[in-house]
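Following: one structure in structure tokens, then a few remarks.
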Amino acid sequence: MPETITEDKTNKTADSDKLTALFNEEIYVRADASSVPASKFKIYDDIIEAYKAEDKLAVAKQKIEDHFKEHPESISAKYMLMILSFMEDPMGDANLVKNILDSFKAHGKWTIIEYITDSILKFGDHRLALRVKAEALDKLKKNKELKVVLEKLAKQDKKNPEIAKKYALTIMEEDKPKAISYLKQAAEIFAKNKDYAQMEEIWPILVTNNYEDVSFFDKIERILLSQREKTRLVGLLYPIVEPFKQMEEWDKVIYFLKKILEHEPASQKARNELIRSYKQKYANHSLLEDFLKMSELGNNRKPVKVCITNFERNIVFDTDNYVMHRNWGVGKITSISQTGDSIFVDFAEKKEHKLSIQMAITSLKPLKKDHIWVQNYENKAGVISLFQDNLAEFLTQLLKSYDNKMLVADMKNELIGTFLKAEDWSKWWAKVKSVLKKEANIGMNPKKKDEVVYHEKAITHSETLTQKFQATSDTNKKLEIAMEAVRDADEANEAGEFFISHYVDEENARDSVRRLSAYLYLEEAAKAWPTEEFSHKIREPELQSLIQGLSKEDALKISKSLENTDIKKGFKDLIRTYHPESINILIGLLFEVPVKVNRSVFQNLVSDEKYAELNLFIETVSNKSKEHPEVFLWVAKSILSHTWKFDWMNVSEESLVIRVFRILKPLTKIEDKGTKLKNQAMDILFGKDNTLLKDILQNADDEYVRKLYALFREVTYVTDLEKDQLFSLINEVKPNVVWDEYEGQDEVDDDPLSNLPTDVVLVTRQAFNAKKGEFEHLVNVEMLENSRDIGEAQEKGDLRENAEYKAAMEKQVQLQAAIKKLESELKSARILDISEVKSEKVGIGNTVKLKNKKSGEVVTYSILGAWDADTEKNIISYQSPLAKSLFGKHVGSEATLVFGSTETTYEVLEISRYSLSGQEA
Numbered sequence: 002m003p004e005t006i007t008e009d010k011t012n013k014t015a016d017s018d019k020l021t022a023l024f025n026e027e028i029y030v031r032a033d034a035s036s037v038p039a040s041k042f043k044i045y046d047d048i049i050e051a052y053k054a055e056d057k058l059a060v061a062k063q064k065i066e067d068h069f070k071e072h073p074e075s076i077s078a079k080y081m082l083m084i085l086s087f088m089e090d091p092m093g094d095a096n097l098v099k100n101i102l103d104s105f106k107a108h109g110k111w112t113i114i115e116y117i118t119d120s121i122l123k124f125g126d127h128r129l130a131l132r133v134k135a136e137a138l139d140k141l142k143k144n145k146e147l148k149v150v151l152e153k154l155a156k157q158d159k160k161n162p163e164i165a166k167k168y169a170l171t172i173m174e175e176d177k178p179k180a181i182s183y184l185k186q187a188a189e190i191f192a193k194n195k196d197y198a199q200m201e202e203i204w205p206i207l208v209t210n211n212y213e214d215v216s217f218f219d220k221i222e223r224i225l226l227s228q229r230e231k232t233r234l235v236g237l238l239y240p241i242v243e244p245f246k247q248m249e250e251w252d253k254v255i256y257f258l259k260k261i262l263e264h265e266p267a268s269q270k271a272r273n274e275l276i277r278s279y280k281q282k283y284a285n286h287s288l289l290e291d292f293l294k295m296s297e298l299g300n301n302r303k304p305v306k307v308c309i310t311n312f313e314r315n316i317v318f319d320t321d322n323y324v325m326h327r328n329w330g331v332g333k334i335t336s337i338s339q340t341g342d343s344i345f346v347d348f349a350e351k352k353e354h355k356l357s358i359q360m361a362i363t364s365l366k367p368l369k370k371d372h373i374w375v376q377n378y379e380n381k382a383g384v385i386s387l388f389q390d391n392l393a394e395f396l397t398q399l400l401k402s403y404d405n406k407m408l409v410a411d412m413k414n415e416l417i418g419t420f421l422k423a424e425d426w427s428k429w430w431a432k433v434k435s436v437l438k439k440e441a442n443i444g445m446n447p448k449k450k451d452e453v454v455y456h457e458k459a460i461t462h463s464e465t466l467t468q469k470f471q472a473t474s475d476t477n478k479k480l481e482i483a484m485e486a487v488r489d490a491d492e493a494n495e496a497g498e499f500f501i502s503h504y505v506d507e508e509n510a511r512d513s514v515r516r517l518s519a520y521l522y523l524e525e526a527a528k529a530w531p532t533e534e535f536s537h538k539i540r541e542p543e544l545q546s547l548i549q550g551l552s553k554e555d556a557l558k559i560s561k562s563l564e565n566t567d568i569k570k571g572f573k574d575l576i577r578t579y580h581p582e583s584i585n586i587l588i589g590l591l592f593e594v595p596v597k598v599n600r601s602v603f604q605n606l607v608s609d610e611k612y613a614e615l616n617l618f619i620e621t622v623s624n625k626s627k628e629h630p631e632v633f634l635w636v637a638k639s640i641l642s643h644t645w646k647f648d649w650m651n652v653s654e655e656s657l658v659i660r661v662f663r664i665l666k667p668l669t670k671i672e673d674k675g676t677k678l679k680n681q682a683m684d685i686l687f688g689k690d691n692t693l694l695k696d697i698l699q700n701a702d703d704e705y706v707r708k709l710y711a712l713f714r715e716v717t718y719v720t721d722l723e724k725d726q727l728f729s730l731i732n733e734v735k736p737n738v739v740w741d742e743y744e745g746q747d748e749v750d751d752d753p754l755s756n757l758p759t760d761v762v763l764v765t766r767q768a769f770n771a772k773k774g775e776f777e778h779l780v781n782v783e784m785l786e787n788s789r790d791i792g793e794a795q796e797k798g799d800l801r802e803n804a805e806y807k808a809a810m811e812k813q814v815q816l817q818a819a820i821k822k823l824e825s826e827l828k829s830a831r832i833l834d835i836s837e838v839k840s841e842k843v844g845i846g847n848t849v850k851l852k853n854k855k856s857g858e859v860v861t862y863s864i865l866g867a868w869d870a871d872t873e874k875n876i877i878s879y880q881s882p883l884a885k886s887l888f889g890k891h892v893g894s895e896a897t898l899v900f901g902s903t904e905t906t907y908e909v910l911e912i913s914r915y916s917l918s919g920q921e922a
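The sequence shown: position 488 = 489 (my numbering), numbered continuously.
Structural data, given as structure tokens:
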């Protein structure tokens, strides 16, 4: 006899002694889940209520927690802490709930479980509590109470097929439609989860009570076919045929038998059933037996699909049916000869035309009575009106006429000449594409991109996405389709369930990119469908380890492989959160093309105040604009449009404008197809009514202006009109510009870096020899000494405890890395021939005397390579901001150096060749 819980009549005073006595008793009798009496739980509740009445719950909680720390197996402490957790938070402590319920389930204490779950449910419909209570009520045979709980669960937990099934079976007698609805829901989820035993258990009930719901069985068919379960599917389809046979609905019988034969062509049983069904459907057809014989449907050595096609094509040759002749058009069969060997057809130009059956079969194409050409034959004005006024319905009729699918090319051939002129096709097809987006029954075939299909049952957005997802094997395309469901969350809830299930499994993939993509998708899905329950297979420690284990190259490669912007951003955020070299990787991501996540990365680095790194990025991408044209144009547009306007930014707008002009000509080769980058560059310079250029020209000197025009004049894809417009703009803004100095000068090559390959470093002979000497010293001296050290250490015995050996091996690794680095640098070096350096304008190899316009201070700098730079000798690298601001300047010109929010203007006093003294020959 089950235990019962009755109210405790003892004093409910909440004091410390009572809790202590309760705990001591529990310890003394060694009470656990197998032995604790059911009546104790009422006592636990009364104690909590007493503390609550005296506003001392915090005191009670502390005492219970202290006891629980010493006795983690205490049933009373677990229970009371669980109840207190629900008082603080309606969700309660999930771990305590699961722990205590599992403890009593293990011992079959269903009465206690019923009490505990009732206590939990006082705080709200807790899903786990409902599930376990349902199990308890089932064990206790409390069917009336069970029905109420199952209904709550079925409404709340729609993804649990066992609950839906159990609830449906309990209400089958009192509410059959509702029960069938829940059974269909359960069957679909069982099918998706490949729980075929459960699905097959309820299948007979569905067939008996729901056989007319053909669309439901079609959906199950699609699910099983996606799982390659053809044999199982055939076994499920056979029972559906029987109720239709009894109702003598031969079209439906034939429909399902044809499906069976499609999936199991060798089935002689299905062939025979199909022949019998055809005989029933066409019992009054005078040529039935002839056409069956001609089709060879009874010959199991003939392909069944061909036999069916032949029979169904021929059987329509009957009185009042329609046919198409390639020359005579549509005709109507008016009669069949008494001997059955000929038919008479009314064509538009040939009335009562006689053809033998054999001739008719070979030369005529049977048409259904609702075929679009039959409608045109009977009511031409009506069809033309349909074409003009109701495109969706016209497409429906057209597609139905061709077995619900049609290639775009075939559609074009069919319509041009009768409904359309050839030159109007593109415009009409644009209208069709608009219709396809709105009509749930019509769409493009996800497996065949140039085929339009009609669906008898409206295809939901979820089904369309799921079909497209299953039709492609490309992981990026799959991810994009799944993300479309995220964007359309309200309309794609079912697809969301499917995609979540798929990507939970994907988290177990071996490939790290697939695993990370799955994790990131699930993070997006959790935001889109917050009520969906799933657990990541990748836990945070593993995720952290996975990200931290990526090299910079691996991280950049993964980001590049992710095509979806939201997933790419998610990956970037993981790098930012977990990777120890996140800043270095984020800077690398700024160079990624196409420019998608770059904007988000830039904002992150600004937020992190990585100003030095960002200035270096801007400088690098500006210097290597031909290597990174898309990124450079994005940076240039952001700065020149003042989208980025920061005090810390170390860049001159005048210099940047020159660089945009400089890249115009190289874009001819860089972008050999298309004009996207060319258009971007032109828009940066000439957009918004030339506002940018007007401002730049207003403050520029004549040399700068001539340089701009010289660069623009060299661009081959720019029209003469555009060149004239720039010339006019210059004269409008700078009417006094002197052009005679421009004639015959090579202004285009003012920037010595423009023609320097990005992988080349210019150095003097002296710097090269110094670097080479360093390289030879490492190879010929330090590596030999290291080899001797390793040999001596090896002679001392056990290498595992040999500190000298370990130190020598570590030194070897460091030396090898240094040698490799120096070797690479020497290969990239190009010797600067000082003897060829000119002094007309500032370039690499010049010594320049400058005057600070503000302070009057005169300084001298020599511009050489990075290996030569020496601040004590005032030798600066040609890659330095000051050097770049000086390039192309003449004596008397001014150069402005922008550093942060500070601008310094210098006047060029002298230009000379750098002195060769001290250099080796």
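The C-beta atom is built at its ideal place from N, Cα and C for all residues, glycine as well.
Can you round the beta-carbon distance between residue i and residue j to whole angstroms, since I take them to be within the 8 Å contact cut?
i: Ser626; j: Phe618; result: Actually they do not touch by this definition, with Cβ atoms about 13 Å apart.
i: Glu908; j: Lys852; result: 5 Å
i: Ile316; j: Phe292; result: 5 Å
i: Lys569; j: Lys597; result: 6 Å
i: Glu115; j: Ala137; result: 5 Å
i: Leu686; j: Val661; result: 6 Å
i: Leu400; j: Val331; result: So it is not a contact: roughly 18 Å between Cβ atoms.
i: Leu942; j: Phe395; result: In the structure as shown, the chain starts at 2 and stops at 922, and residue 942 therefore has no counterpart that could be examined.
i: Ile101; j: Lys79; result: 5 Å
i: Asn599; j: Leu606; result: At roughly 11 Å, the Cβ-Cβ gap does not stay under 8 Å, so Asn599 and Leu606 are not in contact.
i: Ala393; j: Val324; result: Going by Cβ atoms, the distance from Ala393 to Val324 rounds to 28 Å, so no, they are not a contact pair.
i: Leu466; j: Ala510; result: About 21 Å; that fails the 8 Å criterion.
i: Lys148; j: Thr171; result: 5 Å
Along the beta strand (DSSP E) that carries residue i, what are the first and last residues, could you check?
i: Phe923; result: An answer regarding residue 923 cannot be provided, because it is not within the stretch 2 to 922 covered by the chain.
i: Asn300; result: Premise fails: Asn300 is in no beta strand (DSSP E) and is neither H nor E.
i: Asn847; result: Asn847 to Asn853
i: Asp451; result: Lys449 to Tyr455
i: Leu865; result: Val859 to Leu865
i: Ser474; result: Taken as a continuous stretch (DSSP letters only), Ser474 belongs to no beta strand (DSSP E), as it is neither H nor E.
For residue i, report the span of its alpha helix (DSSP H) as first-last.
i: Ser77; result: Ile76 to Glu89
i: Met445; result: Element bounds for Met445: not the alpha helix (DSSP H) but the beta strand (DSSP E), Ile443 to Asn446.
i: Ser642; result: Neither: Ser642 is in no alpha helix (DSSP H) and is coded neither H nor E.
i: Lys260; result: Trp251 to His264
i: Ile49; result: Lys41 to Ala54
i: Ser278; result: Gln269 to Lys282
i: Ile931; result: The first residue shown for the chain is 2 and the last is 922, placing residue 931 beyond what the model contains.
What are the residues that DSSP puts in a beta bridge with residue i?
i: Ala1; result: Residue 1 lies beyond the residue range present for the chain, which begins at 2 and ends at 922; the question has no answer from this structure.
i: Thr905; result: Leu898
i: His354; result: Val346
i: Val324; result: Gly332 and Pro367
i: Ser435; result: None, per the DSSP bridge assignment.
i: Leu421; result: Ile417
Problem - Within the stretch 359-414, ranges of the alpha helix (DSSP H) (whole runs, at least 4 residues) - result: 373-379, 381-390 and 392-402
Exercise for the section: Could you tell me whether the stretch 116-123 touches the stretch 75-95, using the rule of 3 or more Cβ pairs below 8 Å? Expected result: yes
Practice task
Report yes or no: do three or more beta-carbon pairs, one from the stretch 538-553 and one from the stretch 483-491, lie closer than 8 Å?
Solution key: no
Practice task
Could you say if the stretch 326-339 and the stretch 261-281 meet the contact criterion of at least three C-beta pairs nearer than 8 Å?
Solution key: no
Problem - Inter-stretch contact at 8 Å, needing at least 3 Cβ pairs: the stretch 103-111 / the stretch 123-131 - result: no
Handout entry: Inter-stretch contact (C-beta, 8 Å, three-pair minimum) for the stretch 831-842 and the stretch 808-822
Key = no
Handout entry: Completely contained alpha helix (DSSP H) runs for the stretch 652-712, where each covers 4 or more residues
Key = 654-665, 668-671 and 677-699
Practice task
May I ask you to verify whether the stretch 667-686 touches the stretch 632-648, counting CB pairs closer than 8 Å and requiring at least 3?
Solution key: yes
Problem - At least 3 beta-carbon pairs within less than 8 Å: the stretch 455-471 vs the stretch 408-427 - result: no
Exercise for the section: Return the chain-ordered ranges of every alpha helix (DSSP H) run that is complete within the stretch 107-181 and spans a minimum of 4 residues. Expected result: 111-122, 128-140, 144-157 and 162-172
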